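This report refers to the structure that appears directly beneath it.
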Amino acid sequence: MEITVAATIRKNSGRGSARENRRNGMVPAIIYGACEPLSVACSARELAVRLRDEAFRSTLLTLDVEGRKIPALLREVQMHPYKREIVHIDFQAVSADSEVAANVPLHFIGVEDSPGVKLHRAIFTSVENQVAIHCLPKDLPEFINIDSSDLDIGKSIHLSEIAAPEGVRFDAIVRGEDPVLAVMSGQTAEEEPVDVEDTTSVDEEAAGTPTE
Numbered sequence: 002m003e004i005t006v007a008a009t010i011r012k013n014s015g016r017g018s019a020r021e022n023r024r025n026g027m028v029p030a031i032i033y034g035a036c037e038p039l040s041v042a043c044s045a046r047e048l049a050v051r052l053r054d055e056a057f058r059s060t061l062l063t064l065d066v067e068g069r070k071i072p073a074l075l076r077e078v079q080m081h082p083y084k085r086e087i088v089h090i091d092f093q094a095v096s097a098d099s100e101v102a103a104n105v106p107l108h109f110i111g112v113e114d115s116p117g118v119k120l121h122r123a124i125f126t127s128v129e130n131q132v133a134i135h136c137l138p139k140d141l142p143e144f145i146n147i148d149s150s151d152l153d154i155g156k157s158i159h160l161s162e163i164a165a166p167e168g169v170r171f172d173a174i175v176r177g178e179d180p181v182l183a184v185m186s187g188q189t190a191e192e193e194p195v196d197v198e199d200t201t202s203v204d205e206e207a208a209g210t211p212t213e
């Protein structure tokens with residue numbers, strides 16, 4: 002999926018210029034990395050819509066800077082401390098032949114059909130919702146699906162069990178780590194209800210009854 006974001010060159014810099022951009026419905030932004038640093042502005046309305054899409058944060062983007070196409074990754078979004086307003090945004094320009102670092106979302110599929118949930122009504126918990134990777138821009142996945150349909154109660158999914166997409170390296174595995182991504186936990190059967198009346202009767206008989 003290709004996502005293109007329009008941007009215009011900012012003629013001036015500084016707080017005054019940034020405030021003026023925001024008053025005009027634009028968000029100040031910076032592009033750095035595999036190009037000379039560029040101070041630009043993007044539509045606040047467009048960015049607000051884009052940020053609702055998970056893919057916008059992890060997919061290779063195309064920044065259209067007044068006709069110049071720059072491949073880039075979203076790196077940071079600064080929000081106003083109490084307003085639902087984007088204050089500033091950072092993009093990293095990338096080169097086709099240089100690896101990039103990214104955090105890719107994890108999608109756990111088949112959970113409802115797993116033995117843990119279907120047979121034992123166990124609780125599925127995702128410990129991690131994204132994974133850090135390195136790859137060339139062309140190999141950057143939008144997300145990674147993890148089949149959880151075989152997960153039974155008391156079991157977990159480790160990163161080493163997941164096949165990395167072609168051209169992708171998991172940072173944790175390279176470091177010799179094997180983090181848990183998800184676990185299935187819970188009781189295996191319903192507990193028998195306690196009969197309060199029967200328990201009371203037994204206790205009273207054991208204690209004996211007072212005599213006159």
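Heads up: take any position in the sequence shown, counting from 1, add 1, and you land on our numbering.
For glycine and all other residues, C-beta sits at the position ideal for the given N, C-alpha and C.
Just so you know, these numbers come straight off a predicted model, no measurement behind them.
Residue of the options minimising C-alpha distance to residue i
i: His159; options: Arg53, Ala173, Val101; result: Ala173
i: Gly117; options: His81, Asp151, Pro138, His135; result: Asp151
i: Asp114; options: Leu107, Ser59, Glu100, Ile154; result: Ile154
i: Leu74; options: Gly34, Asp98, Phe109; result: Gly34
i: Ala102; options: Ile4, Gly111, Val28, Pro138; result: Pro138
Segment limits, beta strand (DSSP E) that includes residue i
i: Phe144; result: From DSSP, Phe144 is part of no beta strand (DSSP E); its letter is neither H nor E.
i: Val28; result: 27-34
i: Val112; result: Note, Val112: premise wrong, no beta strand (DSSP E); not H, not E.
i: Ala165; result: No beta strand (DSSP E) contains Ala165, which DSSP labels as neither H nor E.
i: Val88; result: 87-94
i: Ala8; result: 4-10
Element boundaries [alpha helix (DSSP H), containing residue i]
i: Glu47; result: 45-51
i: Arg176; result: Segment: none, Arg176 is in no alpha helix (DSSP H) and carries neither H nor E.
i: Glu21; result: 16-24
Supposed close pair residue i, residue j - CB separation, criterion 8 Å
i: Glu167; j: Asp140; result: 7 Å
i: Val123; j: Asn104; result: Residue identity differs from the one stated: residue 123 is Ala in this sequence, not Val. In fact, because the Cβ distance is near 28 Å, the residues do not count as touching under 8 Å.
Per DSSP, cross-strand counterpart(s) of residue i
i: Pro72; result: Thr63
i: Val184; result: Thr126, Ser157
i: Val41; result: Ile10, Ala30
8 Å Cβ cutoff met for residue i and residue j
i: Glu143; j: Ala56; result: yes
i: Gly107; j: Ile71; result: The amino acid occupying residue 107 in the given sequence is Leu; Gly does not appear at that position. Their beta carbons are not under 8 Å apart, which means Leu107 does not touch Ile71 by this criterion.
i: Ser59; j: Ala7; result: no
i: Ile31; j: Ala94; result: no
i: Leu48; j: Ile4; result: no
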